[in-house]
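Asks: Mapping the sequence shown onto the UniProt record's numbering, position 437 (from 1) lands on 437, and the numbers just tick up by one. Have a look at this one.
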Amino acid sequence: MLASEEREAAIKRAHGRSAGYGLDAAGVPDVSRLSTSALGSVIAQSQALHKYALPVVELLYEQIAGTRNMVILSDAQGVVTYTLSDDDFAEQAERVALALGTIWSEQRRGTNGIGTAIAEGVPILVHGDDHYLHANRILSCSAAPIFNTDGAVGGVLAVAGDCQWLQRHTMALVRISAQKIENQLCCAHCQTGITLHFHRRPEFIGSLVEGIICFTPEGRFLSASRCAQALIGLSSHALGVHTMSSLFDIAPSFLLDHYRTAAPGLLQLRLPDGVPLYASASVRLGRSTFDNATVAPGESLTQRKTAAHSTPPRPNAEASRQLSSLRYLNTGDPQMSAIIAKLTKIKHSDIPILIAGETGTGKELLAQAIHKDSPRAGAPFVAVNCASLPETLIESELFGYEDGAFTGARKNGNIGRIRQANGGTLFLDEIGDMPLNLQARLLRVLQERTVMPLGGGKPVPVNVALICATHRNLRDMIAKGAFREDLYYRLNGLVVKLPPLRERTDLDVVIKKMLYAEEQSRRYSVASCVMQQFKQYNWPGNFRQLTNLLRTAMAMTAEDGEIRLEHLPDDFLDDVRNMKKASAAPAVAAALPANATLGDVELSVIQKALEAHGHNVSAAARALGISRNTIYRKLG
Numbered sequence: 001m002l003a004s005e006e007r008e009a010a011i012k013r014a015h016g017r018s019a020g021y022g023l024d025a026a027g028v029p030d031v032s033r034l035s036t037s038a039l040g041s042v043i044a045q046s047q048a049l050h051k052y053a054l055p056v057v058e059l060l061y062e063q064i065a066g067t068r069n070m071v072i073l074s075d076a077q078g079v080v081t082y083t084l085s086d087d088d089f090a091e092q093a094e095r096v097a098l099a100l101g102t103i104w105s106e107q108r109r110g111t112n113g114i115g116t117a118i119a120e121g122v123p124i125l126v127h128g129d130d131h132y133l134h135a136n137r138i139l140s141c142s143a144a145p146i147f148n149t150d151g152a153v154g155g156v157l158a159v160a161g162d163c164q165w166l167q168r169h170t171m172a173l174v175r176i177s178a179q180k181i182e183n184q185l186c187c188a189h190c191q192t193g194i195t196l197h198f199h200r201r202p203e204f205i206g207s208l209v210e211g212i213i214c215f216t217p218e219g220r221f222l223s224a225s226r227c228a229q230a231l232i233g234l235s236s237h238a239l240g241v242h243t244m245s246s247l248f249d250i251a252p253s254f255l256l257d258h259y260r261t262a263a264p265g266l267l268q269l270r271l272p273d274g275v276p277l278y279a280s281a282s283v284r285l286g287r288s289t290f291d292n293a294t295v296a297p298g299e300s301l302t303q304r305k306t307a308a309h310s311t312p313p314r315p316n317a318e319a320s321r322q323l324s325s326l327r328y329l330n331t332g333d334p335q336m337s338a339i340i341a342k343l344t345k346i347k348h349s350d351i352p353i354l355i356a357g358e359t360g361t362g363k364e365l366l367a368q369a370i371h372k373d374s375p376r377a378g379a380p381f382v383a384v385n386c387a388s389l390p391e392t393l394i395e396s397e398l399f400g401y402e403d404g405a406f407t408g409a410r411k412n413g414n415i416g417r418i419r420q421a422n423g424g425t426l427f428l429d430e431i432g433d434m435p436l437n438l439q440a441r442l443l444r445v446l447q448e449r450t451v452m453p454l455g456g457g458k459p460v461p462v463n464v465a466l467i468c469a470t471h472r473n474l475r476d477m478i479a480k481g482a483f484r485e486d487l488y489y490r491l492n493g494l495v496v497k498l499p500p501l502r503e504r505t506d507l508d509v510v511i512k513k514m515l516y517a518e519e520q521s522r523r524y525s526v527a528s529c530v531m532q533q534f535k536q537y538n539w540p541g542n543f544r545q546l547t548n549l550l551r552t553a554m555a556m557t558a559e560d561g562e563i564r565l566e567h568l569p570d571d572f573l574d575d576v577r578n579m580k581k582a583s584a585a586p587a588v589a590a591a592l593p594a595n596a597t598l599g600d601v602e603l604s605v606i607q608k609a610l611e612a613h614g615h616n617v618s619a620a621a622r623a624l625g626i627s628r629n630t631i632y633r634k635l636g
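Here it is, written out as structure tokens:
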């Protein structure tokens, strides 16, 4: 979204263009619509855009439903091709001909959200009197262009509504939704080939700010998202002369071999200027599809001959160690410092480690740090979530199977995750969800240090360091007969329990690390009042919740990069207010006489809130979740 001064300059330019088109600001606008057949032709020409945009449009509408708004999708010429609207806004929309088949280009409608987003090529808010035509000034429109993989505007996503009902987060939601569509269009461009999802920070892979770049199976450039172009520092046109090897110093043959023979962890790449990157890949070769999360060795690639059997140089290994090692995770919390001190003492041994803790406390991140600090750091780290695999598949995924072991088995079999981890670390997340019959097989593997694939064959020796994690109380499960006691004592060489986020004392340091920007020139910060809210919150979703909240807030910040209260999601602010009211009411009640009435309690709570916010009525009202008029009425 443009900064205030930039937005005003863009509106001024748009008014100049509107006047140049000969439009009469006070006149009757052109409200003609395309015929049904003509509109059908326009939609057919935007078939790819519609395919990937409509689910996002529907999700966006769900987020703003009930706010007297309409979600609009247009093509690159400003023709409205799809709408979703609240019933109470439909009449206003009809008055200004905001409907299917109408054309909202600047040439037809002057300065407006859709047309000006196309002309300027940037997300923009056109509110009330910003519109050139007087007839449109009842509207407020937040619009973002959707760019094709060739860098041209392919359409516009917009939310239009009554200008008196402007919602502060609408622009950010529109911008995020448009970027989702762009990313999906970029991925769809690679029907056959290799797609890399990358970022300078591994935690941003899979987020909206990741870079996406597509190559042919031979490694020739196909397309790149705008985030990818920004991260690499080259336009789509300039990338056209590159290959995967010239950009990332990695050959397609090595990448395919990586997924055939190694644990599919994150790739470590390097740009020509030396900047390190982390990446996951999706490989589509004919009918076969492999990705960073699900690919198993031997899957349709066993007949492919490559010469890349040696381990490639690990770019910027020291930077990687500083990023994910135990030292990096030691951010000042006494409980974490004690855990890391214990783990550091045993990092050169193969003592089994069991990590306990609530969901979202960072158990897998700790496991990765243990691996990276161990002598096995150069070998595979294979993570298996026992809760996410269906019970019918977990046995074959863990132990592997021979060719023809069962109906539907892959040709040439599958060596399984345990053998993938041979020489490295096997991380079994949510071990408490492993079925009892498989617990017995796992125990045998750990005791005999061999694995027997399904369908027969010889036992295969394996050498793995084992780390397990769970949010369950395994001792209680043992008492109930849901977990094997002998396996428990085999797993718990060292048990550490991660503290929930609400108990940690290093929240400010942790957040600073998490806010490291994708661009070296961009820095994010948290306003002191927001940090205070964070420290008072109980974080039921722990780091998973905090990560999603920060990513959303970062997308909503202005150019200064400071996260303020207005950038936080409404549900989070509601939770904070409810927590404050829940904690304040008993304290207030205790301070009042025994015969105090409900009105006395309400008045006391309001007075306490006013004192806490320097007698700022608006701030106190927000904190209490009531209107200013209610406060005035209660005090009067």
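Heads up, the beta-carbon is just placed ideally off N, CA and C, and yes, glycines get one too. Source: prediction; values computed, not measured.
(1) Quick check: what's the CA-CA separation for V275 versus L269?
(2) Label residue 638 either buried or exposed according to how many other C-beta atoms from any shown protein chain fall within 10 Å of its C-beta, with 16 as the threshold for buried.
(3) Is it right to say L398 is buried, meaning 16 or more other beta carbons lie within 10 angstroms of its own, or is it exposed?
(4) Tell me the rounded alpha-carbon separation between I11 and T116.
(5) With the cut-off set at 7 Å, would you say V174 and L157 are in Cβ contact?
(6) State the DSSP-derived secondary structure class of F572, mapped to helix, strand or coil.
(7) If you follow the beta strand (DSSP E) that C468 is part of, which residue opens it and which one closes it?
(8) Apart from the five residues just before and just after I250, which ones in its own chain have a Cβ nearer than 8 Å to its Cβ?
(9) Measuring CA to CA, which of T331, G357 and D570 is closest to V510?
(10) Taking C-beta to C-beta, are G239 and F221 nearer than 7 Å?
(11) For R564, which residues in the same chain have their Cβ closer than 7 Å to its Cβ, ignoring the five residues on either side in sequence?
(12) So is F290 buried or exposed if we call it buried at 16+ other beta carbons inside 10 Å?
(13) In angstroms with no decimal places, state the Cα-to-Cα distance between L59 and Q447.
(14) Look up I250 in the DSSP assignment and say whether it is helix, strand or coil.
(15) Along the chain, where does the beta strand (DSSP E) containing S74 start, and where does it finish?
(16) Quick one: grab the DSSP three-state call for K497.
(17) How would you label G219, buried or exposed, when you count the other beta carbons within 10 angstroms and need 16 or more for buried?
(18) Thinking just about the alpha-carbon of each residue, which of A387, R417, N422 and F483 is nearest to the one in Q439?
(19) Could you give the distance in angstroms between the alpha-carbon of A619 and the alpha-carbon of R544?
(20) Just the C-alpha distance for residue 637 and V42, rounded to the nearest angstrom, thanks.
(21) If we count the other Cβ atoms within 10 Å of its Cβ and call it buried at 16 or more, is G432 buried or exposed?
(22) Between the Cα of N437 and those of Y537, I394 and D129, spot the shortest distance and give me the residue it belongs to.
(23) DSSP on D486, reduced to helix/strand/coil?
(24) At what residues does the beta strand (DSSP E) containing H134 begin and finish?
(25) In whole angstroms, what separates the C-alpha of F427 from that of H471?
(26) Buried or exposed for Y278, please, with buried defined as at least 16 other CB atoms from any protein chain shown within 10 angstroms of its CB.
Replies: Once the coordinates are examined:
(1) 9 Å
(2) The shown model of the chain, from 1 to 636, leaves out residue 638, and the question about it has no answer.
(3) buried
(4) 8 Å
(5) yes
(6) helix
(7) A465 to T470
(8) M244, L267, L269 and P312
(9) T331
(10) Per the sequence shown, the amino acid found at residue 239 is Leu instead of Gly. Yes, Cβ-Cβ distance for L239 and F221 is below 7 Å.
(11) A527 and V530
(12) Note that F290 scores a pLDDT of 44, beneath 50, so its modelled location is shaky and nothing firm can be said.
(13) 50 Å
(14) coil
(15) N69 to D75
(16) strand
(17) buried
(18) F483
(19) 29 Å
(20) No answer is possible for residue 637: it lies beyond the span of the chain, which begins at 1 and ends at 636.
(21) buried
(22) I394
(23) helix
(24) No beta strand (DSSP E) contains H134, which DSSP labels as neither H nor E.
(25) 14 Å
(26) buried
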